[in-house]
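Q: Before I ask anything, here is the structure I am working with.
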Amino acid sequence: MKYTTNIKTTEFNENGFATANGWVKVYRANTETGEYICADMERTVIGVSLSAGAYLDEPELPKSEDIAICRHRDGQLWLHVPDYRGKTAYHISTREPRVIQQLGQLPPELTLLKPKTEFDVWNGRKWLTDIVAQKAKKMELAETKRAQLRQQAEAKITPLQYAVEMALATEDEKRVLIDWKKYLVALSRLDISAITDITWPEKPNVAA
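Residue numbers (the working numbering): 947 to 1154.
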């Protein structure tokens, strides 16, 4: 026949060599990672095997976007493996985030669950917040803030106190001095153990 609309296909013997020249549908995998790439038509030559990364058996498509198709290391079958690439995982000891770049199961020290606070501790299944450590940190921050406010108040009080002691203070300055001293006393008496509901005293509304 002069013409044909058929594609000449070929088969392979038990040793994996083509029995004739022609074409065959193949399923390609990345030769380094084994990840499935695409279906393709490959030209065959009698007595020659398929090109590297080309296989005759069709892979089953996964139903989840979190699954990738990979060729087994021995080249005998397709596998479904976890695919978390591009997602952020967290180290269960340090809570450090890192973007996953490799196929496969996560290392045991990583989880996709995001910690809610810097005081979260991994219990083997989920994050639990260390309430004691969290409270201690908040109290530390509150003490630091109180020390800073006390320092600011004392900086206001000192020159006014000198003015009073030297009988150089005006009536307004005397009043301002009293207001700052009251503020300083309020700071000292503040109960910072109630870390969830600390009401900080207001600074005197004066220019001094």
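All C-beta atoms in this analysis are idealised placements derived from N, C-alpha and C, irrespective of residue type, glycine included.
Just so it is clear, the structure is predicted and the values come from calculations on it, not from any experiment.
CA-CA distance, A1154 and R1071?
A: Indexing the sequence shown from 1 puts residue 1154 at position 208. Indexing the sequence shown from 1 puts residue 1071 at position 125. With a pLDDT of 44 at A1154, under the threshold of 50, the modelled position of that residue is not reliable, and the figure given next carries that caveat. Cα to Cα, A1154 sits roughly 57 Å from R1071.
Q: Let's test the definition: count the other Cβ atoms within 10 Å of the Cβ of S1139 and tell me whether it reaches 16, buried, or not, exposed.
A: By 1-based counting over the sequence shown, the position of residue 1139 is 193. With fewer than 16 other beta carbons inside 10 angstroms of its own, S1139 counts as exposed.
Q: Using only the alpha-carbon positions, how far apart do Q1022 and I992 sit?
A: Within the sequence shown, numbered from 1, the residue matching residue 1022 stands at position 76. Within the sequence shown, numbered from 1, the residue matching residue 992 stands at position 46. Distance between the alpha carbons of Q1022 and I992: 22 Å.
Q: Over the uninterrupted beta strand (DSSP E) stretch that includes T1034, give me the two end residues.
A: Here residue 1034 refers to the residue found at position 88 of the sequence shown. Segment 1034-1037, the beta strand (DSSP E) holding T1034.
Q: Tell me whether the segment 1029-1041 and the segment 1000-1018 touch, counting them as touching only if at least three CB pairs, one residue from each stretch, are closer than 8 Å.
A: yes
Q: Please say whether T979 and L1049 have beta carbons closer to each other than 8 Å?
A: The count along the sequence shown starts at 1 and reaches residue 1049 at position 103. The count along the sequence shown starts at 1 and reaches residue 979 at position 33. For L1049 and T979, yes; Cβs fall inside 8 Å.
Q: State buried or exposed for L1058, treating a residue as buried only when at least 16 other CB atoms are found within 10 Å of its CB.
A: One-based indexing of the sequence shown puts residue 1058 at position 112. Exposed, since its Cβ has fewer than 16 Cβ neighbours within 10 Å.
Q: Among I953, K1127, P1053, A1082, which has the Cα closest to the Cα of R989?
A: Here residue 989 refers to the residue found at position 43 when the sequence shown is read from its first residue. Comparing Cα-Cα distances from R989 to each of I953, K1127, P1053, A1082, the minimum goes to I953.
Q: Does the beta carbon of R1044 fall short of 7 Å from some heavy atom of the ligand ZN?
A: This structure does not include the ligand ZN; it has no bound ligands of any sort.
Q: By a C-beta neighbour count over all protein chains shown, 10 Å radius and 16 as the cutoff for buried, is R1017 buried or exposed?
A: For this step, residue 1017 is matched to residue 71 along the sequence shown. Sixteen is the threshold: when 16 or more other Cβ atoms of the shown chains lie within 10 Å of the Cβ of R1017, as they do, the residue is buried.
Q: Taking all protein chains shown into account, decide if W1126 is buried (16 or more other Cβ within 10 angstroms of its Cβ) or exposed.
A: Counting from one through the sequence shown, the residue named residue 1126 turns up at place 180. Classified as buried, W1126 has 16 or more neighbouring CB atoms from the shown chains inside 10 Å of its CB.
Q: Which residues in the same chain have their Cβ closer than 7 Å to the Cβ of K1120, if we skip the five residues on either side of it in sequence?
A: Working through the sequence shown from its first residue, we reach residue 1120 at position 174. The residues are V1110.
Q: For a test of the three-state rule: what should DSSP assign to L1074, helix, strand or coil?
A: Start at 1 with the first residue of the sequence shown, and residue 1074 comes out as number 128. Strand at L1074.
Q: Rank D1143, Q1051, T1104, R1041 by C-alpha distance to the C-alpha of L1130 and give the top, closest one.
A: Counting from 1 along the sequence shown, the entry for residue 1130 is found at position 184. It is T1104.
Q: Looking at the unbroken alpha helix (DSSP H) that takes in D986, where does it start and where does it end?
A: Translated into the one-based positions of the sequence shown, residue 986 becomes position 40. Careful: D986 lies outside any alpha helix (DSSP H), inside the beta strand (DSSP E) at 982-990.
Q: Helix or strand or just coil, what does DSSP make of D1066?
A: Taking the first residue of the sequence shown as 1, we reach residue 1066 at position 120. Of the three classes helix, strand and coil, the one that applies to D1066 here is strand, per DSSP.
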